[in-house]
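>
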Amino acid sequence: MENKANIIGLGAVGLWSLLALVTAFNNYIPAFQLLGFSFFIASIVGVIFMLLTQQSFAIFLKLKWYVWLLGIYGLFGYHLCYFLALRYAPPMEANLINALWPLLIVLGSVLVLNKKDANSGLRWWHIIGALLGLSGVVFISFSGDGAAFNWKYLTGYGFALLCAFIWSSYSLLLRKLPHVPTAAVTGFCFATSVLAFICHFLFEETVLPDTAFLWFMYVILGAGPVGASFYLWDYGMKKGDIRALGAASYLSPIFATVFLAWAGFGELTTTVIISCVLVVLGAVLASKDMFMKR
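To convert a position in the sequence shown, counted from 1, into my numbering, add 22.
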């Protein structure tokens, strides 16, 4: 069961690695409009999933208030802070600080795993694996012009750090709610869509795609990287090895860079290759429990 959940959780990481590429085709869309539309599509994905699995929509009425709060905190809170981080700090530094969330998941796993389980403890390979992943992200971030931290961007850095905390804490707390069905994410996505559209109409002008291809990329963002990924992640966090999934999450920004290079948005340099090796080694090391019986 756990290995199945790990594979499903890795599916979310794979979809997130496509996020930068798909977003690159949508970078003319205002941020909150893009967020609102994407999560609306994500909620449709959830509705289709519920219909196919014959789940009752009455589950939304049975969810406790704190479950709704957690879902909105994780999905809307994270993205709101992410946009604010990019507004008040350069993208390179903001993304580098945000990249702490997989490490925080690995380290925070000791707080949510069942202490009666002999395999629940945090082992050296989990920590080293997560640090290798972080080093890969840091290595690629400081290549070229690199990241240059400056105190004048402290507000943006604060929002980026809050991003890392929100997503890691949301992910860890999912583990404490195994009784809440993954279909509940449908409601979280819809609530996030409503809040994002409110922000859009308050602060932005509406911009629509003008070609069929751009409409396709507009929809595919909500169907995959900002859609199905959250359902897969929910299942993985609740039933899989959160330490291994946390460390493996560092594959996302590295593979995103590779996909961007293949699509012509950058170059596949030696730096990228070295970063890939570091992250893959870290992910394999942290996930060794998946392949070896103790």
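All C-beta atoms in this analysis are idealised placements derived from N, C-alpha and C, irrespective of residue type, glycine included.
Would a C-beta distance cut-off of 8 Å place G304 and G151 closer than the cut-off?
Yes. Within cutoff.
> Can you tell me whether Y104 is buried or exposed, with buried defined as 16 or more other CB within 10 angstroms of its CB?
buried
> Can the beta-carbon of L94 be found less than 8 Å from the beta-carbon of F210?
Strictly speaking, residue 94 in this sequence is Ile, with Leu absent from that position. Yes.
> Taking the alpha helix (DSSP H) that G286 falls in, what are its first and last residues?
Taken as a continuous stretch (DSSP letters only), G286 belongs to no alpha helix (DSSP H), as it is neither H nor E.
> Considering only the beta carbon of each residue, do W255 and A186 sit closer than 8 Å?
no
> With a cut-off of 8 Å on the beta carbons, I'd call L154 and L307 a contact; round off their distance for me.
7 Å
> Let me know the secondary structure DSSP gives Q77 once reduced to three states.
coil
> Taking the alpha carbon of Y179 as the reference point, which residue from R109, I220, L243 and A205 has its own alpha carbon closest?
R109
> Start and end of the alpha helix (DSSP H) containing H222?
V207 to F225
> Around the Cβ of R265, are there at least 16 other Cβ atoms within 10 angstroms (buried) or fewer (exposed)?
buried
> Thinking S309 and S215 are a contact (beta carbons under 8 Å), I'd like their distance in whole angstroms, please.
About 33 Å; that fails the 8 Å criterion.
> Looking only at its own chain, which residues have a Cβ that is under 6 Å from the Cβ of L217, when we skip the five neighbours before and after it?
These residues qualify, in order along the chain: F98.
> Under three-state DSSP, which class holds A121?
coil
> Return helix, strand or coil for A140, following the three-state DSSP convention.
Confidence is the limiting factor: at A140 the pLDDT is only 45, short of 50, which leaves the residue's position unreliable and the question unanswerable from this model.
> Using the Cα positions of E227 and P52, report the straight-line distance between them to the nearest angstrom.
Spanning the two alpha carbons is a distance of roughly 7 Å.
> Count the C-beta pairs between the stretch 36–44 and the stretch 196–210 that are closer than 8 Å, then say yes if the count reaches three, no if not.
Judged by Cβ distances under 8 Å, the stretch 36–44 makes no contact with the stretch 196–210, as fewer than three pairs qualify.
> Following the continuous alpha helix (DSSP H) through S309, name the residue where it begins and the one where it ends.
Premise fails: S309 is in no alpha helix (DSSP H) and is neither H nor E.
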